[in-house]
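In terms of my numbering, the sequence shown opens at residue 1 and continues consecutively.
Everything on this sheet refers to the single structure shown next.
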Amino acid sequence: MNELTLQAFEHFVGRFGTEVDTRLREARTAEDVEAIRVEYLGRANGKLTDYQKQIPTFSGEERKLAGQQFNAVKKLIEGRLAETLTELSRVTRLSVPDVDLTMPSRSQFRGAEHPVTVVIEEIVEIFREIGFTVATGPEAETEWYNFTALNFPPDHPAMDMHDTMYLAEDVVLRTHTSPVQIRSLQAGPPPIRVVIPGNVYRLDPFDASHAPMFAQIEGLAVDEGISFVDLKATLTHFATRFFGATRTRFRPSYFPFTEPSAEMDVECRLCKGSGCPACKGTGWMEILGSGMVHPNVLDAAGVDSEKYTGWAFGMGPARIALQRYGIPDIRVLYDSEMRFLGQVAR
Ligand code: PHE
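Structure representation (structure tokens):
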């Protein structure tokens, strides 16, 4: 290249700025951009690079001006190259040729609460309306809270009926929510009106009507002058609120921590009392165990059994959910099967 006047230098170098701009508008891929970069800024024969070699041929003030011009154009070109790369990457992402925009979309699953959760919330809400508050307790309990304080005699066969899972010598996964009766009584003093939802554990085979872990809701009402009338009236009110107009019946039963004890049945929802496989032909479904709190239980928890009386109940919301949704097998509630959960979503 012949030696140039400063004017010519500025003219040619300045032109590269516009030239690159035009060329970049045609670039479609990152490779196109790279080719343009090499053509102008390439170390060996870049068009602009060649002009850098001219700078030392100027002297004094002229050399300074040529240098400034050169650097300004180089910076401009580098900037445009980078901008174009960013634009291209954005466009490429949108127009990947193998995306078929006419393909029907995948159907979406809408989240919903589990049917047992729905039932628990409704039950708790009904008791909340009549002045009960919610209490909870630990799932790992000492034998004392799970059995002893609840008036289970040591080594009594009643303990076997609970098929307990032991975590350690004296620590069990609670077999019922009743230990929270003791914790609520200890937190007292009466009047106490609580409902206690929570999970419980039993060494049961996992079959159509049993699960090793299931939910319970416990209820406890303790005050001066509470009688079996309160138990019956409150639980009948609950059944009417939850199931709508329905017949109920109380059958004598046995629990170490209540005396007297009763189980409450409601008319089978599926056959309206005429007898079907779901109610084993009886026309009734058992929904809870209940009874008057045994004085030994009050005493064990430090509540004066001469002054106070109370009643308690425990029910299994899973059984109630099975009835309500007409589900024949309890295992369905543990499967997280979307086709099932979708059907019962509220
Ligand atoms: N804890 C009992 C059970 O799991 C139910 C129950 C609770 C019965 C409270 C009476 C009073 O079977």
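Note that the Cβ used here is the ideal one computed from N, Cα and C, for glycine as well.
Rounded to whole angstroms, what is the Cα-Cα separation between Q216 and E169? As a working note, residue 216 is residue 216 in the sequence shown. As a working note, residue 169 is residue 169 in the sequence shown. The alpha-carbon atoms of Q216 and E169 are separated by roughly 25 angstroms.
Check the DSSP bridge columns for L288 and list the partner residues they point to. The residue given as residue 288 occupies position 288 in the sequence shown. Bridge partners of L288: M264 and M315.
Which one or two residues does DSSP pair with T142 in a beta bridge? If you number the sequence shown from 1, residue 142 lands on position 142. Looking at the DSSP assignment, T142 forms a beta bridge with V171.
Short check: CB of A27 to CB of T86, under 8 angstroms? Translated into positions along the sequence shown, residue 27 becomes position 27. Translated into positions along the sequence shown, residue 86 becomes position 86. Result no, Cβ atoms of A27 and T86 do not sit closer than 8 angstroms.
Where do the ends of the alpha helix (DSSP H) carrying I126 lie? The residue given as residue 126 occupies position 126 in the sequence shown. Start and end: P115 to E129.
Own chain residues within Cβ distance below 7 angstroms of F12, not counting five before or after: The residue you call residue 12 lines up with position 12 of the sequence shown. The residues are Y51.
Between V91 and P212, what straight-line distance do the alpha-carbon atoms span, to the nearest angstrom? Working through the sequence shown from its first residue, we reach residue 91 at position 91. Working through the sequence shown from its first residue, we reach residue 212 at position 212. Taking the straight line joining both Cα atoms gives about 56 angstroms.
Enumerate in chain order the residues of its own chain whose CB-to-CB distance from G42 is below 8 angstroms, with the five nearest sequence positions on each side excluded. Within the sequence shown, numbered from 1, the residue matching residue 42 stands at position 42. So the list reads T49, once near-sequence residues are dropped.
Tell me whether M103 sits in a helix, a strand or coil according to DSSP, three-state version. Numbered from its first residue, the sequence shown carries residue 103 at position 103. Of the three classes helix, strand and coil, the one that applies to M103 here is coil, per DSSP.
Which residues does DSSP list as the beta-bridge partners of R193? For this step, residue 193 is matched to residue 193 along the sequence shown. For R193, which the question treats as bridged, DSSP gives the partners A221.
Are the Cβ atoms of L288 and Q323 separated by less than 8 angstroms? Here residue 288 refers to the residue found at position 288 when the sequence shown is read from its first residue. Here residue 323 refers to the residue found at position 323 when the sequence shown is read from its first residue. Cβ atoms of L288 and Q323: not closer than 8 angstroms.
Proximity below 8 angstroms, CB of F70 to CB of L6: Position 70 of the sequence shown, counted from the start, is the residue given in the question as residue 70. Position 6 of the sequence shown, counted from the start, is the residue given in the question as residue 6. Their beta carbons are not under 8 angstroms apart, which means F70 does not touch L6 by this criterion.
Can a CB atom of chain B be found closer than 8 angstroms to the CB of A8? The structure shown contains no chain B; it is built from a single protein chain.
Residue environment, Q54, which counts as buried when at least 16 other CB atoms sit within 10 Å: Translated into positions along the sequence shown, residue 54 becomes position 54. Buried, because 16 or more other Cβ atoms sit within 10 Å of the Cβ of Q54.
Check: H294 C-beta below 7 angstroms from any heavy atom of the ligand PHE: Along the sequence shown, one-based indexing puts residue 294 at 294. No, the beta carbon of H294 sits no closer than 7 angstroms to any heavy atom of the ligand PHE.
Helix, strand or coil, according to DSSP, for A233 in the structure here? Mapped onto the sequence shown, residue 233 falls at position 233. If DSSP states are grouped into helix, strand and coil, A233 belongs with the helices.
What runs of the alpha helix (DSSP H), each 4 residues or longer, lie entirely inside the segment 13-55? 30-41 and 47-52
Residues of its chain near Y325, where Cβ-Cβ distance is below 7 angstroms and the 5 sequence neighbours each way are ignored: Stepping through the sequence shown from its first residue, residue 325 is reached at position 325. Only P115 and V344 meet the Cβ criterion.
Given a cut-off of 8 angstroms, decide if G291 and E218 are closer than it, judged by their beta-carbon atoms. Within the sequence shown, residue 218 is the residue found at index 218, counting from 1. Within the sequence shown, residue 291 is the residue found at index 291, counting from 1. Result no, Cβ atoms of E218 and G291 do not sit closer than 8 angstroms.
Mind checking which residues open and close the beta strand (DSSP E) that includes L251? In the sequence shown, residue 251 corresponds to position 251, counting from 1. Before going on, a small fix: residue 251 reads as Arg here, not Leu. Per DSSP, R251 belongs to the beta strand (DSSP E) from T248 to F255.
Paired residues, beta bridge with V293 - DSSP: Start at 1 with the first residue of the sequence shown, and residue 293 comes out as number 293. Paired residue(s): T258.
One question on the structure: do F132 and V195 come within less than 8 angstroms of each other, judged by their Cβ atoms? What you label residue 132 is simply residue 132 of the sequence shown in a count that begins at 1. What you label residue 195 is simply residue 195 of the sequence shown in a count that begins at 1. The answer is yes: Cβ separation under 8 angstroms.
Kindly confirm or deny that the segment 300-313 and the segment 189-208 touch, where touching means at least three C-beta pairs closer than 8 angstroms. yes
Spatial neighbours of E10 in its chain, beta-carbon cut-off 6 angstroms, leaving aside the 5 residues before and after: By one-based count along the sequence shown, residue 10 stands at place 10. Closer than 6 angstroms at the Cβ level, and outside the excluded window around E10, lie Q69.
Should M285 go down as buried or exposed, given a rule of 16 or more other Cβ atoms within 10 Å for buried? Sequence index remark: in the sequence shown, residue 285 carries index 285 (1-based). When all chains shown are included, M285 counts as buried.
Can you name, in chain order, every residue of its own chain whose Cβ lies under 7 angstroms from the Cβ of A135, other than the five neighbours on each side? For the purposes of this step, residue 135 is taken as residue 135 along the sequence shown, with counting starting at 1. Within the same chain, A135 has close Cβ partners V180, S184, V194 and I196.
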